[in-house]
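A.B. asks:
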Amino acid sequence: MSTTTLTEAPDFTPTLQPSPMKRPLHEAYIPALTQQCHASNLLLLPNGDLLCAWFGGSIEGRPDICIYMSRIPFGQQTWTGAVKITHDHTRSEQNPVLFRVPSTGDIRLLYTSQNAGNQDSAIVKQLTSSDNGSTWSDPAVLFGDAGTFIRQPVIVLDDGKWVVPTFKCRTGPGERWLGSDDISCIRISKDEGRTWTERDIPNSYGCVHMNIKRLKSGNYLGLYRSRWADHVYLSTSPDGLEWSEPQPTILPNPNAGICFDVLPSGRVVLVYNHSSKVDALGRRDGLYDDISDGTDTRNNQASKHGKEAFWGAPRAPLNVAWSDDEGKSWTWKTLEEGDGYCLTNNSEQKLNRELSYPSIVTGRDGAIHVAFTFWRQRIKYVRLEEDFFLRRSHQVYMNKYNALQQYTC
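Just so you know, we're using full-length UniProt numbering here: the sequence shown kicks off at 1 and counts up by one.
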C-alpha cells in the first residue's frame with residue numbers, strides 16, 4: 001500500500017490483490033452504486049462469507065442516503081456488486097450495523113434514520129434476513145426515541161444478554177445539534193431484542209461510538225471516539241454492564257470513528273485516525289455542507305461541560321494500533337496515508353479525501369479484515385495477516401490516560 005499522498009483516485013478494482021508496497025496485506029475496493037460511500041460495517045458468517053454494509057447516496061444527510069451491501073463469498077477473491085437494501089427516500093439512512101443472532105442464525109441489520117443533517121432527530125430501525133443477507137424483511141423501528149445513534153457491533157454476553165452500544169445526540173430548546181452534549185449509553189435485552197433497558201455510561205460527555213469487546217481475561221474493554229477531537233477514550237467493565245468513566249488514552253482522535261477487535265492471543269487491535277484538532281488547518285461550525293433548506297432557524301449548539309465539539313481535523317493517516325496488556329500500552333503503525341481533508345462531505349465534486357470510519361473483524365484462520373471509507377468515493381477493504389505486526393512499527397508508548405485527566409471526558 002502506498003505511503004505517499006494520492007492526488008488522483010486509484011483504480012477501484014473489486015478483486016483482492018497484493019498491495020503495491022508488498023507489505024503482508026491484500027486490498028480491494030468494494031463496488032459502489034452511488035457517488036458517496038461511508039460508514040462500513042463488516043460481518044463474517046460461519047460459512048466463511050464476509051458481508052460489508054455501508055451508506056451511500058449523494059451527500060450525507062440528504063434523503064437519497066440509503067444502506068447498501070456487498071459480499072466476498074468464501075474462497076473467492078472478488079466482491080460482488082453493491083445491492084441497495086433500504087429504500088426510504090424521505091430520511092437519511094446511515095450507520096449500518098450487521099449482527100448474527102446466535103440462536104437462529106438470522107442476520108439483523110440495524111441502522112439510523114434521520115431528518116437531513118439533524119442527528120438529534122435520528123431513530124434506529126432494523127431489517128431481518130433468514131438467508132444470510134440475500135433477502136430482507138420490511139423495516140421496523142427498534143429504538144424510537146429521537147437522537148439515538150448507533151455505530152458499533154452488538155455484543156452477546158456469556159449469559160445471553162444482548163448489549164447494543166448507543167449514543168445520544170442531545171440538544172437544548174432552540175439549538176441546532178453540533179455534538180457538544182452527546183453521551184454514550186448501552187441498550188440491554190434479556191429476550192433477544194423483544195424488550196430493552198438502557199444505562200448511561202457515567203460521565204461520558206463527548207465520548208461516542210462506544211466499541212465493546214470481551215478481553216481474554218473475561219473483562220470488557222470499551223473504546224470511544226471523542227467529540228472534542230483530542231484522544232481515543234477508554235473504559236472497562238467486569239461484566240459488560242457496569243462501566244467505568246471513560247478516560248483519555250495516549251492515542252489521538254480527530255472526532256472520527258474507531259473500531260477494534262481482540263485476537264485469539266488476547267491482543268487488542270484498533271484501527272483509528274492518528275490525528276486530532278492540533279493537526280487541523282481549519283474548522284467548520286456547520287455540518288453536512290449546509291444542505292439544510294434554509295428553514296432551520298435554530299442557533300448552533302453552545303459549548304457544554306466547558307468544551308464544544310470540534311469538526312474539521314484531518315481524518316488521516318489511518319493507523320493500526322495494538323496492545324498486549326488490555327490497553328495499558330500501545331504500539332502503532334500506518335495503514336494508509338493521505339492529507340485526510342474533511343472540511344466537506346461533498347462527493348458530487350469529489351472534494352473529500354478522508355480515510356476513516358474503519359470496521360475490523362478477525363477470522364478463525366487468523367486473517368484480520370478491515371474496511372474503511374476511502375475519500376467517501378468507495379469502501380476500501382484490506383486483509384491483514386499476523387506478520388503485519390512483526391514489521392517495523394512507529395513507536396511504543398505507555399497509555400497515560402491516568403496522567404491525562406485534564407482532558408476529562
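Ideal Cβ positions, reconstructed from N, Cα and C, are used throughout, including at glycine.
All values derive from a computational prediction rather than experimental measurement.
Could you tell me which of Ser235, Ser323, Pro202, Thr236 sits nearest to Gly266, measuring between CA atoms?
C.D. replies: Considering only alpha carbons, the answer is Ser323.
A.B. asks: What's the call for Asn219, buried or exposed, on a 16-neighbour Cβ count within 10 Å?
C.D. replies: Classification for Asn219: exposed.
A.B. asks: I believe Gly206 touches Ser235 by the beta-carbon criterion, under 8 Å. Please report the beta-carbon distance rounded to the nearest angstrom.
C.D. replies: About 13 Å separates the two Cβ atoms, so there is no contact after all.
A.B. asks: What is the rounded straight-line gap between the Cα of Ile360 and the Cα of Ala53?
C.D. replies: Straight-line Cα distance between these residues: approximately 13 Å.
A.B. asks: Using DSSP with H/G/I as helix, E/B as strand and the rest coil, what is Leu241?
C.D. replies: Here Leu241 sits in coil by DSSP.
A.B. asks: Skipping 5 residues on each side, what residues in its chain have a beta carbon closer than 6 Å to that of Lys277?
C.D. replies: Around Lys277: Ala229, Phe310, Ala313.
A.B. asks: Considering only the alpha carbon of each residue, which of Pro73, Glu8, Gln94, Ile201 lies closest to Ile59?
C.D. replies: Cα-wise, what sits closest to Ile59 is Gln94.
A.B. asks: Do Ile188 and residue 413 come within 8 Å of each other at the CB atom, strictly closer than that value?
C.D. replies: With the chain covering only 1 through 409, there is no way to say anything about residue 413.
A.B. asks: Within the same chain, show all residues whose beta-carbon is closer than 8 Å to that of residue 438, passing over the 5 residues directly before and after it, in chain order.
C.D. replies: There is simply no residue 438 to check, as the chain begins at 1 and stops at 409 in what is shown.
A.B. asks: By DSSP's criteria, Cys342 is part of a beta bridge. Which residues make up the other side?
C.D. replies: BP columns for Cys342 are empty, so no partner.
A.B. asks: Would Arg100 and Leu45 qualify as a contact pair, given that the criterion is a beta-carbon distance under 8 Å?
C.D. replies: Yes; because the gap between Cβ atoms is below 8 Å, this pair is in contact.
A.B. asks: Where does Leu25 fall in DSSP's three states?
C.D. replies: Reduced to three states, the DSSP call for Leu25 is strand.
A.B. asks: In the structure shown, what three-state DSSP assignment does Lys333 receive?
C.D. replies: Reduced to three states, the DSSP call for Lys333 is strand.
A.B. asks: With respect to the beta strand (DSSP E) encompassing Arg225, which residues constitute its N-terminal and C-terminal limits?
C.D. replies: Note, Arg225: beta strand (DSSP E), 220-226.
A.B. asks: With 16 as the cutoff for other CB atoms within 10 Å, does Asp293 come out buried or exposed?
C.D. replies: Because the pLDDT at Asp293 is just 49, under 50, the model does not fix this residue reliably, and the point stays unresolved.
A.B. asks: For Asn299, which residues of its own chain have a beta-carbon under 8 Å away from its beta-carbon, when the five flanking residues on both sides are left out?
C.D. replies: The residues are Gly174, Glu175, Arg176.
A.B. asks: State buried or exposed for Gln406, treating a residue as buried only when at least 16 other CB atoms are found within 10 Å of its CB.
C.D. replies: Residue placement at Gln406 is flagged as unreliable, the pLDDT there being 35, under the threshold of 50; the coordinate-derived value follows with that caveat. Exposed.
A.B. asks: State the CB to CB distance for the pair Pro254 and Asn273, rounded to an integer number of angstroms; the pair is presumed to be in contact (CB under 8 Å).
C.D. replies: Going by Cβ atoms, the distance from Pro254 to Asn273 rounds to 5 Å, so yes, they are a contact pair.
A.B. asks: For Thr197, which residues does DSSP report across the bridge?
C.D. replies: Ile188, per the DSSP bridge assignment.
A.B. asks: What number of angstroms, rounded off, separates the C-alpha of Phe12 from the C-alpha of Ile30?
C.D. replies: Phe12 and Ile30: Cα-Cα distance of roughly 8 Å.
A.B. asks: Between the C-alpha atoms of Cys37 and Gln152, what's the straight-line distance to the nearest angstrom?
C.D. replies: Roughly 17 Å between the two C-alpha positions.
A.B. asks: Enumerated in chain order, which unbroken segments of the beta strand (DSSP E) with a length of 3 residues or greater are wholly contained in the stretch 11-65?
C.D. replies: Complete beta strand (DSSP E) runs here, min 3: 25-30, 36-44, 50-57.
A.B. asks: State the Cα-Cα distance for the pair Lys350 and His87, rounded to the nearest angstrom.
C.D. replies: If I take the Cα positions, the gap works out to 24 Å.
A.B. asks: Alpha carbon to alpha carbon, how far is Ser66 from Asn47?
C.D. replies: The sequence given here has Cys at residue 66, not Ser. If you take the alpha carbons of Cys66 and Asn47, they lie about 27 Å apart.
A.B. asks: How about Thr128 and Asp106: are their beta carbons less than 8 Å apart?
C.D. replies: Yes; because the gap between Cβ atoms is below 8 Å, this pair is in contact.
A.B. asks: Nearest CA to the CA of Leu42: which residue from Val163, Phe372, Asn118?
C.D. replies: Leu42 has its Cα closest to that of Phe372, out of Val163, Phe372, Asn118.
A.B. asks: Let's test the definition: count the other Cβ atoms within 10 Å of the Cβ of Glu242 and tell me whether it reaches 16, buried, or not, exposed.
C.D. replies: The residue is exposed, with fewer than 16 neighbouring Cβ atoms inside 10 Å.
A.B. asks: Quick check on DSSP: helix, strand or coil for Leu215?
C.D. replies: In the structure shown, Leu215 sits in coil (DSSP, three-state: anything other than H, G, I, E or B).
A.B. asks: Express the C-alpha separation of Glu27 and Thr15 in angstroms, rounding to a whole number.
C.D. replies: If I take the Cα positions, the gap works out to 8 Å.
A.B. asks: Taking just the CA atoms, how far does Leu390 sit from Tyr111?
C.D. replies: Approximately 37 Å, taken between the alpha carbons.
A.B. asks: Where do the N-terminal and C-terminal ends of the beta strand (DSSP E) with Glu93 fall, by residue?
C.D. replies: Per DSSP, Glu93 belongs to the beta strand (DSSP E) from 92-100.
A.B. asks: Where does the unbroken beta strand (DSSP E) through Arg378 begin, and where does it stop?
C.D. replies: Element bounds for Arg378: 378-384.
A.B. asks: Any idea which residues DSSP pairs Ala371 with across the strands?
C.D. replies: Ser359, Tyr381, per the DSSP bridge assignment.
A.B. asks: Checking the sheet assignment: what are the DSSP bridge partners for Lys125?
C.D. replies: In the DSSP output, where bridge partners are listed per residue, Lys125 has Tyr111, Val141.
A.B. asks: Indicate the three-state DSSP secondary structure (helix, strand or coil) for Asp279 in the structure shown.
C.D. replies: Three-state DSSP puts Asp279 in a helix.
A.B. asks: For Ile155, which option in Val141, Leu221, Arg194 has the closest C-alpha, if you only look at C-alpha atoms?
C.D. replies: Checking every option, the nearest Cα to that of Ile155 belongs to Leu221.
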